[in-house]
Structures are given as structure tokens and as C-alpha cells.
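*Asks:* Quick note: the sequence shown uses this note's numbering, first residue 28, plus one each step.
Just so it is clear, CB atoms sit at the ideal spot from N, CA and C, and this is done for glycine as well.
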Amino acid sequence: MDAVVSNITNGFLNDILKAIASRDELANYQNIILPELLAAVAKYCAFKDSILERFKSQPTRTDTICKCEHDVFMTRLNEQELALKECVRLNQATTERLDNYLVEDTPNIRMNIVDSIIQEKTVEEEVESDAKAEEQEARVDEQEEEAEEEAEEEEVQVDEQEEEAEAEAQVDEQEAQEEAEAEEEAEAQEEAEAEEEEAQEEAEAEAEEQEAQVNEQEEEAQEEAEAEEEEAEEEEEAQEEAEEQEQDISEEEIEVDEEVEEYTYKGKKYYVTNTTSGKIYACTVDDDIGDQVGIFNNGKPIFS
Numbered sequence: 028m029d030a031v032v033s034n035i036t037n038g039f040l041n042d043i044l045k046a047i048a049s050r051d052e053l054a055n056y057q058n059i060i061l062p063e064l065l066a067a068v069a070k071y072c073a074f075k076d077s078i079l080e081r082f083k084s085q086p087t088r089t090d091t092i093c094k095c096e097h098d099v100f101m102t103r104l105n106e107q108e109l110a111l112k113e114c115v116r117l118n119q120a121t122t123e124r125l126d127n128y129l130v131e132d133t134p135n136i137r138m139n140i141v142d143s144i145i146q147e148k149t150v151e152e153e154v155e156s157d158a159k160a161e162e163q164e165a166r167v168d169e170q171e172e173e174a175e176e177e178a179e180e181e182e183v184q185v186d187e188q189e190e191e192a193e194a195e196a197q198v199d200e201q202e203a204q205e206e207a208e209a210e211e212e213a214e215a216q217e218e219a220e221a222e223e224e225e226a227q228e229e230a231e232a233e234a235e236e237q238e239a240q241v242n243e244q245e246e247e248a249q250e251e252a253e254a255e256e257e258e259a260e261e262e263e264e265a266q267e268e269a270e271e272q273e274q275d276i277s278e279e280e281i282e283v284d285e286e287v288e289e290y291t292y293k294g295k296k297y298y299v300t301n302t303t304s305g306k307i308y309a310c311t312v313d314d315d316i317g318d319q320v321g322i323f324n325n326g327k328p329i330f331s
């Protein structure tokens, strides 16, 4: 950009010098060079507008850098506009000074005067422009460094935020995993407790069943014992009765020996005391008197 502006400025000044050198009369200078000077000013203004449009259409540049370059360019544009205005002033001054040398008809002297004026002013402007440009470039460099530092700080902050987010994500994942493990352990513990409770209930049911069986067996045993005891008592009573009967029979035998007689009933032999109301005794194989088996009731035998 500096080269373009410098080329335009130098070309503009060269055009002025060539026009002055090719015309020896003041009238030609006023009629030709001044319009060319104005045309160069218009050309410069158009160039300025085109450069501004180019700055607006640079999306790849950052806002900070683009603004810095825009400020530098605007400063130089203002400087060049001042230089052009100074050229116009020099044109007027040169015209006045050339008027003083017209009578001598010394074109070379006129050229030397113009050259000295233009060169002197150009050197001053170049020095000032270079100083301002260097200062502005230093500012731009400083702003670029600040922008880079800010970008680096932002990048560091972004990295830190990403690391924090990643750490938080890891913590959340670990907490979720711990919660899942805790839930699994709780479920396993609940299942174990349920199984233990079920086993305990089964054990209690078995114990109750066994106890019921034991109670039933005890009751049966008790009933059996009572039955046996009753049987024993009955046997004992029967034995006592048998003993009593034997004793009675023995006593009766003693009496029967004197009173019994043979009695046949339905082809079977018995012994009786009498056939009206007496007792009926069985007849043993040995034809002895056996047990009492009946009695007579009004002459009718009744067997027990």
C-alpha cells in the first residue's frame, strides 16, 4: 500500500516537473500544468475511495488489525491530501516567482527555482511522513502484539475451560458410576436379605412342621401309651377277673364235683348243675369240667 501511494505521489510530482520543463512560458504553465494538477488530485481521491472499499471487503482480517491498518492508511491519506494542497500553494507561489523572471527569459533558472521549492518541500514531507509512518507502524505492531496476547489469553482460557469441563465430566461420570455400583450393591443386598428371609421362613415352616410332626408323634405315642396303659389295665383287670373266675371256678368245681351231671345239646357234651336254672360248663378233651359257657333259664339253655 505504501508503494502504491508513493508511486502515485512520485508520478504526480514527475508529471508536474515534466510539464514545467517542457514549457518555457508562464501562460503555458498556467493553462496546462494547473489542470493536470487538478486531474491528479481527482485521481488521488478516486484511489482513496477504492482503497477504503478494499478495506471494507477483507473478511479474513481480524477487526483489530483491520482497524489499525485503516487508521494508518487514513493518516497517510490525510498527509498526502495536505501535500497536494501544499502543491497547489506551491503552484501559486511558483507562478508569482516565475513572473519575476519572465523579463530575463531564463527557463533554466525558473526550473531550478521550481525544483528547489518542490524538492525542499518533498524532503520535509517525506521526513515527517516517514516519522509518522514509523510511529504508526509501531502502534500497529504494538496493537498486533496486544491482539496476539489477548488471543493467546483467550486460547488459554478456552483450554482451561475445556479442561475444567472435561474434569467435571469425569467427576460426573465417576459419580454416576459410583451411584450405579451403590444401586447394584443395594439391589444385591436386598436380594440377599429376601433370600435370607425366605430361607428363614422356610426353616421356620420346616421347624413348625417338624414340631407339629413331633407333637403329633408325641400325641400318638401318648395315645398309644394310654392305649397300652388301658390295654394293660384291661389285661390286668381281665387277668384279675380271670383269676377271680378261676378262683370262682375252682370253688365251683369243688361244689360241682358233687352236683354236676352230663348234658348233651346239639350233639355236644356239657356239664350242668341242673337243667332248670343251673350253670352250663364245657367238657374238656379229657372229659373234665371246663369253663362256664352258659346257664339255664326256666329249663332253656342260654350260652354266653
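1) How would you label Y290, buried or exposed, when you count the other beta carbons within 10 angstroms and need 16 or more for buried?
2) Check each candidate in V185, A196, I322 and E180 and name the one with the smallest Cα separation from Y301.
3) List the whole-angstrom C-beta distance separating Y292 from C310, where the pair is believed to meet the contact cut-off of C-beta under 8 angstroms.
4) Under the DSSP definition of a beta bridge, which residues are partnered with N324?
5) Going by C-alpha distance, which of T102, Q216 and S331 is nearest D318?
6) Just verifying my parser: in three-state terms, what is the DSSP assignment at T303?
7) Look at the Cβ atom of G305, then the Cβ atom of V312, and state whether they are nearer than 8 angstroms.
8) Using the Cα positions of A194 and Q184, report the straight-line distance between them to the nearest angstrom.
9) What is the DSSP secondary structure of T291, counted as helix, strand or coil?
10) Taking the C-alpha atoms as reference points, what is the distance between E253 and D315?
11) Please return the same chain residues whose Cβ sits closer than 6 angstroms to the Cβ of C175, not counting the five positions on each side in sequence.
12) For D315, name the three-state secondary structure that DSSP assigns.
13) Assuming E200 contacts K159 under a Cβ cut-off of 8 angstroms, what Cβ separation, rounded to an integer in Å, is found between them?
14) With DSSP run on the structure shown, which of helix, strand or coil describes A221?
15) Thinking Q197 and T102 are a contact (beta carbons under 8 angstroms), I'd like their distance in whole angstroms, please.
16) Just the C-alpha distance for Q237 and A226, rounded to the nearest angstrom, thanks.
17) May I ask you to report which of helix, strand or coil DSSP gives R50?
18) What is the rounded straight-line gap between the Cα of E235 and the Cα of E258?
19) Alpha carbons only, please: which of I307, E247 and L109 is nearest the one belonging to E155?
20) By DSSP's criteria, A309 is part of a beta bridge. Which residues make up the other side?
21) With burial defined as no fewer than 16 other Cβ atoms inside 10 Å of the residue's Cβ, what is the status of V287: buried or exposed?
22) Taking Cβ positions only, does E155 come closer than 8 angstroms to chain D?
*Replies:* So, from the listed chains and residues:
1) Looking up residue 290 in the sequence shown gives position 263. So Y290 counts as buried.
2) Within the sequence shown, residue 301 is the residue found at index 274, counting from 1. At residue 301 the sequence reads Asn, which differs from the Tyr that was named. Residue I322 is the option with its Cα nearest to N301.
3) If you number the sequence shown from 1, residue 292 lands on position 265. If you number the sequence shown from 1, residue 310 lands on position 283. That belief does not hold up - the Cβ atoms of Y292 and C310 are roughly 11 angstroms apart, past 8 angstroms.
4) Translated into positions along the sequence shown, residue 324 becomes position 297. BP columns for N324 point to K327.
5) For the purposes of this step, residue 318 is identified with residue 291 of the sequence shown, where counting begins at 1. Of T102, Q216 and S331, the residue nearest in Cα terms is S331.
6) Along the sequence shown, one-based indexing puts residue 303 at 276. Residue state, collapsed to three classes: coil.
7) As a first step, residue 305 is located in the sequence shown; it is residue number 278 there, counting from the start. As a first step, residue 312 is located in the sequence shown; it is residue number 285 there, counting from the start. In this structure, V312 does not lie closer than 8 angstroms to G305 by Cβ.
8) As a first step, residue 194 is located in the sequence shown; it is residue number 167 there, counting from the start. As a first step, residue 184 is located in the sequence shown; it is residue number 157 there, counting from the start. Distance between the alpha carbons of A194 and Q184: 15 angstroms.
9) Walking along the sequence shown from the start, residue 291 turns up at place 264. It is a strand residue.
10) On the sequence shown, residue 253 is found 226 positions in, with the first residue counted as 1. On the sequence shown, residue 315 is found 288 positions in, with the first residue counted as 1. Straight-line Cα distance between these residues: approximately 40 angstroms.
11) As a first step, residue 175 is located in the sequence shown; it is residue number 148 there, counting from the start. First, the residue type needs correcting, since residue 175 is Glu and not Cys in the sequence shown. Contacts found: none.
12) Within the sequence shown, numbered from 1, the residue matching residue 315 stands at position 288. Reduced to three states, the DSSP call for D315 is coil.
13) Indexing the sequence shown from 1 puts residue 200 at position 173. Indexing the sequence shown from 1 puts residue 159 at position 132. Between K159 and E200 the Cβ distance is about 60 angstroms, and since that is not below 8 angstroms, they are no contact.
14) The count along the sequence shown starts at 1 and reaches residue 221 at position 194. Helix, per DSSP.
15) To locate residue 197, count along the sequence shown from 1; it is residue 170. To locate residue 102, count along the sequence shown from 1; it is residue 75. Actually they are not in contact, since the Cβ atoms of Q197 and T102 sit about 53 angstroms apart, beyond 8 angstroms.
16) Position 210 of the sequence shown holds residue 237. Position 199 of the sequence shown holds residue 226. Cα-Cα distance, rounded: 16 angstroms.
17) Here residue 50 refers to the residue found at position 23 when the sequence shown is read from its first residue. The predicted model places R50 with a pLDDT of 43, which falls under 50 and marks its position as unreliable; any figure quoted below should be read in that light. Coil at R50, not helix or strand.
18) Position 208 of the sequence shown, counting from 1, holds the residue named residue 235. Position 231 of the sequence shown, counting from 1, holds the residue named residue 258. In this structure, the CA atom of E235 is about 33 angstroms from the CA atom of E258.
19) Here residue 155 refers to the residue found at position 128 when the sequence shown is read from its first residue. The shortest Cα separation from E155 among I307, E247 and L109 belongs to L109.
20) Here residue 309 is taken as the residue at index 282 of the sequence shown, counted from 1. According to DSSP, A309 bridges with Y297.
21) Indexing the sequence shown from 1 puts residue 287 at position 260. Flag for V287 reads buried.
22) Absence of chain D from the displayed structure is noted, only one protein chain being present.
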